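Here the structure is laid out as structure tokens; the discussion comes afterwards.
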Amino acid sequence: MLYGDRVMPTKPISRKSAIAALLWSQFVYWCAVAIAAWAVACMPAGGIRSALALTPIGPALLVFSVSYWLYRACDEYIRQRMLQAAAVTAVGMMLLVTVYYYLQLAGLPPLNLAWISDFGWVLFIGQIIPILRQSRQ
Amino acid sequence: MKNRLRELRAQRDWTQAELATRLHVSRQTVNAIETGRYEPSLSLAFTIARLFKQPIETIFQPDKAPQDA
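Residue numbers (our numbering), protein chains in the order written: chain A, 14 to 150; chain B, 10 to 78.
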């Protein structure tokens, strides 16, 4: 079970549900990213294409909401570790952007922002799942 | 920061999981405090002190006393 703070009581949630919520929200997000990528690559310009290209915004908000919900559902030590994971992710993304900036100057093609976002999510979720798995009674 | 959490828990014959349940935290948190990997918040430290019915300073002691000005 994960335990939230007692100031704002949260119903204890099982470790299994926490990981499932995280993975499902990620699954929905990646599906939306695939739909958007397909629309941009294969559909003619128009309103439907633009709408499909914007599809990942909703699931991205869902992923943020699930992450925040998990954060609130955990005790202070797990929260600290989650914040550490977020900090490591931020540093990782910053390094990626900095290094690629110079690689781009050296002749590599411009990096799509989607790749940076995807790298960040993979790095973050890769750290969060072991934390949640360990947060058993 | 040193603490006597493991010793106090052992005196009562509680497992880490039992103590975690009483403190409304995860077992991982109890383990991290006992092994010195995590220093609890003031709020959790007071909860621990209340649970063991001891003053907070007898459970948690700083590694080095602050120097007098």
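For glycine and all other residues, C-beta sits at the position ideal for the given N, C-alpha and C.
None of these values were measured; they are calculated from a predicted model.
In three-state DSSP terms, what is residue i?
i, result
"N40/B", "helix"
"K29/A", "helix"
"Q39/A", "helix"
"Q63/B", "coil"
Chain A beta carbons: is any one of them nearer than 8 angstroms to that of residue i?
i, result
"L14/B", "no"
"A54/B", "no"
"V67/B", "A quick correction: the sequence has Thr, not Val, at residue 67/B. So no, T67/B is outside the interface."
"Q63/B", "no"
Is residue i buried or exposed, if buried means 16 or more other CB atoms sit within 10 Å of its CB?
i, result
"S35/B", "buried"
"N125/A", "exposed"
"P49/B", "buried"
"Q70/B", "exposed"
"C44/A", "exposed"
"V79/A", "buried"
"M95/A", "buried"
"C55/A", "exposed"
"V20/A", "Caution is warranted here: a pLDDT of 43 is assigned to V20/A, below 50, making its placement in the model unreliable, and the coordinate value is therefore given only provisionally. With fewer than 16 other Cβ atoms within 10 Å, it is exposed."
"F61/B", "buried"
"P22/A", "Caution is warranted here: a pLDDT of 42 is assigned to P22/A, below 50, making its placement in the model unreliable, and no coordinate value can be reported."
"S38/A", "buried"
"I42/B", "buried"
"L132/B", "Not covered by the structure: residue 132/B. The range shown for chain B is 10 to 78."
At a Cβ threshold of 8 angstroms, is residue i touching chain B?
i, result
"M147/A", "Inspection of the sequence shows that residue 147/A is occupied by Gln rather than by Met. At least one chain B Cβ lies under 8 angstroms of Q147/A."
"M21/A", "Bear in mind that a pLDDT of 42 at M21/A, under 50, signals an unreliable position, so the number given afterwards is only what the model happens to contain. Not one chain B Cβ lies under 8 angstroms of M21/A."
*Check distances from the C-beta atoms of the stretch 74-90 of chain A to those of chain B and list, in chain order, the residues that come in under 8 angstroms.*
Across the stretch 74-90 of chain A, CB contacts with chain B closer than 8 angstroms involve C87, D88, E89 and Y90, in sequence order along the chain.
*Against chain A: residues of the stretch 32-43 of chain B by CB proximity under 7 angstroms*: For the stretch 32-43 of chain B, which is checked against every Cβ of chain A, the residues closer than 7 angstroms are H33, V34, S35, R36, Q37, T38 and A41.
*Is it true that the stretch 128-143 of chain A meets the stretch 85-103 of chain A, where meeting means three or more beta-carbon pairs spaced less than 8 angstroms apart?*
Contact holds: three or more Cβ-Cβ distances are below 8 angstroms.
*Flag this pair as touching only if the stretch 38-48 of chain B and the stretch 86-95 of chain A have three or more C-beta atom pairs under 8 angstroms; answer yes or no.*
A contact exists between the stretch 38-48 of chain B and the stretch 86-95 of chain A.
*Using 8 angstroms as the threshold, is the stretch 104-113 of chain A in touch with the stretch 49-68 of chain A, meaning 3 or more CB pairs across them?*
These segments do not touch.
*Cβ contact check for the stretch 11-26 of chain B and the stretch 51-68 of chain B: 3 or more pairs under 8 angstroms*: Segments in contact, yes.
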